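Everything below concerns the one structure shown next.
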Amino acid sequence: MVDDSGQFEVVFLPGEGALLSPRPVMVTVRCSHNRVEEPSVDRDAIDNTWEFLVRGSCGGQEMRKGEMYNGLKFRLYDVEQEGDKCHIKLGITDYKTNIGTTRNIGVYTELANLRNTTVENYLANALGVECFTITSDGKGVLFRRSEVVGEYPNYFCFPGGHPEPGELLNVQQLQSACNNSLNGGSLVENATKWFECVNSHVLTRLLFEAAVSEVSDELGVDPALCVNQGIIGFMKNTHSRKADACFWIELKQPASEIKACFDLRRGSDAFESVPGSMLFVDLDRIRDREAALRFVSEELEGKLAPPSLACLLWAVNRLRNRSSFGVEK
């Protein structure tokens, strides 16, 4: 279902104002959840796009050497409610494929129409995490994205990134094994088979810990002071089809201390944000969806990345529901 804003599609919401803790979450990785490859199309759409970017030019913007590197990512296949469990179904893809398919969606749409199937089968759908982040004194935390990021430079956003398969899997070791194996198979294929054997609890913990890590790395705050309250929902960008799990993260520090940490630029992902660009959202003034959209339009000039817009709208809805039931914010 596409949100009325037109900027994102709702993949899954746990319920009116509810948050998903790790307990009811089940995460599995399967080979059947990987994208369908089409070598004749992929060569131009993925390989050539990647080579163009690595050579240093992206839409006329020069990129410094070393800024483009490939890596494994989880692929969102589906999210389903199965009894009392929320089942997150994942495959494996990589950053190169995600860049290639998102930038050539028209090509894959034509292919899907020709094959009488859905375009989602051919897209990487790399799963990201986006974190609605709130300070101890009730302020939402936004910052402006820098020029070096691949998507939405100069837009405002909440902290976010990707859960990394490499946190569990020794990719270099697997790559070496693939190269020496008579059975062949790509790195993505062999990584998927490896992850099929990983316990759901381990995968769930990786997903939740990734959200905290991204907040810590981008804001420069101590991860011990970041409390992951749970998943708000899952969304996809209507334009790029990029998928994100949206989390609710509460900080044990007030806005003034968070700004001081951010301005020190000590976070490992500080380069992804514009120095001095932190902006705090007074959530007491944004009581409903209309007020949130007005804030984005007037205060941010419409420049809020789609995953962050989903986070903001869903968070405001949750805060309103908590207030309606007399729950203290």
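My numbering numbers the first residue of the sequence shown as 8 and each following residue consecutively.
C-beta atoms are modelled at their ideal positions from N, C-alpha and C, and glycine is treated no differently.
On a predicted model such as this, the values are computed, not experimentally measured, just so you know.
Alpha carbon of Val136 to alpha carbon of Gly283, nearest angstrom: On the sequence shown, residue 136 is found 129 positions in, with the first residue counted as 1. On the sequence shown, residue 283 is found 276 positions in, with the first residue counted as 1. Each residue's Cα considered, the two are about 23 Å apart.
Status (buried if at least 16 other CB within 10 Å, exposed otherwise) for Ala298: Counting from 1 along the sequence shown, the entry for residue 298 is found at position 291. Under this definition Ala298 is an exposed residue.
Whether Lys103 touches Tyr84 by CB criterion (7 Å): Residue mapping note: residue 103 aligns to position 96 of the sequence shown, counting from 1. Residue mapping note: residue 84 aligns to position 77 of the sequence shown, counting from 1. No.
Straight-line Cα distance separating Val36 from Ser47: Taking the sequence shown and counting its residues from 1, the one referred to as residue 47 is at position 40. Taking the sequence shown and counting its residues from 1, the one referred to as residue 36 is at position 29. Distance between the alpha carbons of Ser47 and Val36 is about 27 Å.
Supposed contact pair Leu286 and Phe139 - C-beta distance, whole angstroms, cut 8 Å: Numbered from 1 along the sequence shown, position 132 holds the residue referred to as residue 139. Numbered from 1 along the sequence shown, position 279 holds the residue referred to as residue 286. About 14 Å separates the Cβ atoms of Phe139 and Leu286, ruling out a contact at the 8 Å cut-off.
Nearest candidate by alpha-carbon position, reference Ile238, set Val18, Leu134, Gly13, Leu27: The residue labelled residue 238 in the question sits at position 231 within the sequence shown. Residue Leu27 is the option with its Cα nearest to Ile238.
Separation of Glu158 from Cys38, as counted between CA atoms: Taking the first residue of the sequence shown as position 1, residue 38 is located at position 31. Taking the first residue of the sequence shown as position 1, residue 158 is located at position 151. Distance from the CA of Cys38 to the CA of Glu158, rounded to the nearest whole angstrom, comes to 28 Å.
Under 7 Å between C-beta atoms of Phe15 and Met242: Here residue 15 corresponds to residue number 8 of the sequence shown, with the count starting at 1. Here residue 242 corresponds to residue number 235 of the sequence shown, with the count starting at 1. Yes; because the gap between Cβ atoms is below 7 Å, this pair is in contact.
Leu210 beta carbon near the ligand SAM (any heavy atom closer than 6 Å): No copy of the ligand SAM appears in this structure; indeed no ligand is present at all.
Gln2 and Leu232 closer than 7 Å at C-beta: The question about residue 2 has no answer, for the chain in this structure spans 8 to 336.
Proximity winner among Asn235, Asn161, Phe150, Leu60, relative to Phe269 (alpha-carbon distances): Stepping through the sequence shown from its first residue, residue 269 is reached at position 262. Selected option, being the one with the closest Cα: Phe150.
Validate contact between the segment 46-62 and the segment 104-115 using beta carbons, cut 8 Å, 3 pairs: yes
Residue from Leu176, Arg272, Arg327 with nearest C-alpha to Gly78: The residue labelled residue 78 in the question sits at position 71 within the sequence shown. Of the candidates Leu176, Arg272, Arg327, the one whose C-alpha sits nearest the C-alpha of Gly78 is Leu176.
Pairwise C-alpha distance: Ile293 and Val323: Counting from 1 along the sequence shown, the entry for residue 323 is found at position 316. Counting from 1 along the sequence shown, the entry for residue 293 is found at position 286. If you take the alpha carbons of Val323 and Ile293, they lie about 7 Å apart.
Boundaries (first-last residue) of the beta strand (DSSP E) holding Cys268: Here residue 268 corresponds to residue number 261 of the sequence shown, with the count starting at 1. Not the beta strand (DSSP E): Cys268 falls in the alpha helix (DSSP H), residues 262-271.
Rounded straight-line distance, which links the Cα of Leu181 to that of Leu194: Locating residue 194 in the sequence shown gives position 187, counting from the first residue. Locating residue 181 in the sequence shown gives position 174, counting from the first residue. About 7 Å.
Ile256 to Leu121 span [Cα, whole Å]: To locate residue 256, count along the sequence shown from 1; it is residue 249. To locate residue 121, count along the sequence shown from 1; it is residue 114. Between Ile256 and Leu121, the C-alpha separation is close to 43 Å.
Cβ shell of Ala198 (< 7 Å), same chain only, five flanking positions each side left out: Position 191 of the sequence shown, counted from the start, is the residue given in the question as residue 198. Counting only Cβ-Cβ distances below 7 Å, and skipping sequence neighbours, we find Leu79, Ile99, Pro172, Leu176, Leu181.
Rounded separation between Gly227 and Ser280 - CA only: If you number the sequence shown from 1, residue 227 lands on position 220. If you number the sequence shown from 1, residue 280 lands on position 273. Distance between the alpha carbons of Gly227 and Ser280 is about 11 Å.
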